[in-house]
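Number of protein chains: 2
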Amino acid sequence: MINKFSLEEILKNKGYKLTQQRKVIIDVLGNSNGPHTANEIYSLVNDKNSGINFSTIYRNLELLVRLGIVRKLNLSNGYNHFELTGEKHHHHVICNKCGEVKEIDICPFMDMDERDKLEEIDFQPTEHKFEIYGLCSRCRNKE
Amino acid sequence: MINKFSLEEILKNKGYKLTQQRKVIIDVLGNSNGPHTANEIYSLVNDKNSGINFSTIYRNLELLVRLGIVRKLNLSNGYNHFELTGEKHHHHVICNKCGEVKEIDICPFMDMDERDKLEEIDFQPTEHKFEIYGLCSRCRNKE
DNA sequence: ATGATATTGCAAATAACTTGCAAAGACATA
DNA sequence: TATGTCTTTGCAAGTTATTTGCAATATCAT
């Protein structure tokens, strides 16, 4: 979770203003567990505050992604999700039934074999995604 | 690549008909390397044949996904991609610049550590995705 | 060849997301 | 604290990928 000061820094350094809307959006992302869709963010934001427009949310999410504060995930359950970049590298587990998205702190990418394969095809990796889809414990025990 | 007979089997067994359009769509997917967007499939299909409608393509891709013949990928470069499920398990390498998608035959999922972590949170995995984004050799050497 | 049923093409509808523009807000400077 | 500049917002309208309703057509078992 990004604290107010570092956020203020990042924005001001690049000439962006610290608006109420931006504060609320980041606050919502920081105080919720796991990534959220633009729709969810819209609801959460408008619970706290009031009347923040959808286009404002999209514009700010895009800006925050560009600044590296937020990461956009294209999950296979249909919607784009957004999360604070945060400090620790992680990946995701997604329930196919309820749609819940959880972080997992494993990363398969450090494996030597895999890096070798990339060198073979002369590919320079910058990011990677590892997503596990399935059934969460709650949904499994439900029926 | 799925041969005509097994395809015919799969469709007929479930009461679906083997239309010209379906044959062409699968043929295109089978004879192209890597996954393609609906748009690309539309172009490829309409080069070979003529006048297959976009809704027909979408409807059939969805059906083929449901039947397990085709897999849909939600890549982070914006568009959904489709590929034949095929026989061998694989993952993808995606160039951020030219958008090219290549298969890689590595899979990080068999690692014991990871399966353990899933058991910890009582998650039952069914599918998983591993995508590496970066710069392909062609794009890297271009500038 | 025929009929039952699945499928197609077309056009219109969705839904997520983006954009133009005038009004409002942030903030450096006076 | 007031002012001016420049960013940002809200609104409404526009895009774009994808879906859907429906009448016409194609497939396939008989």
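Protein chains in written order, with the numbering used here: chain B, 71 to 213; chain V, 71 to 213. Here a beta-carbon is modelled for each residue, glycine too, at the ideal position from N, C-alpha and C.
**Study point:** Per-residue burial, B/E78 [other beta carbons within 10 Å of its own, 16 or more giving buried]
**Key:** exposed
Exercise for review: Mind checking the region 188–212 of chain V against chain B and listing, in chain order, the residues whose C-beta falls within less than 8 Å of any C-beta there?
Suggested key: L188, I191, D192, F193, Q194, P195, T196, E197, H198, K199, F200, E201, I202, Y203, G204, L205, C206, S207, R210
Check your understanding: Does the count of Cβ pairs from the region 157–167 of chain B and the region 183–196 of chain B closer than 8 Å reach three?
Key -> no
Practice item. Mark V/R129 as exposed unless 16 or more other C-beta atoms lie within 10 angstroms of its C-beta, in which case mark it buried. Key: exposed
Practice item. For B/K158, name the three-state secondary structure that DSSP assigns. Key: coil
Check your understanding: Anyone know if the C-beta pair for B/E197 and V/I176 falls short of 7 Å?
Key -> no
Review point. Which value, in whole angstroms, describes the spacing of the CA atoms of V/V135 and B/E201?
Key: 19 Å
Review point. Does the beta-carbon distance from B/F152 to B/V171 come in below 7 Å?
Key: no
Practice item. Along the alpha helix (DSSP H) that carries B/G100, what are the first and last residues, could you check? Key: 90–100
Practice item. Could you tell me whether the Cβ of B/P105 comes closer than 7 Å to any Cβ of chain V? Key: no
**Study point:** Neighbour flag for B/V135 against chain V, beta carbons, 7 Å
**Key:** no
Practice item. Work out the CA separation of V/N211 and V/Q91 for me, nearest whole Å. Key: 40 Å
Exercise for review: List the residues of chain V that B/E79 touches, going by C-beta distances under 8 Å, in chain order.
Suggested key: None at all; the shortest Cβ gap to chain V is about 27 Å.
**Study point:** Expected contact under 8 Å - CB spacing of B/S102 and B/L114 to nearest Å
**Key:** 7 Å
Practice item. Tell me B/K212's beta-bridge partners as DSSP assigns them. Key: DSSP lists no partner for B/K212.
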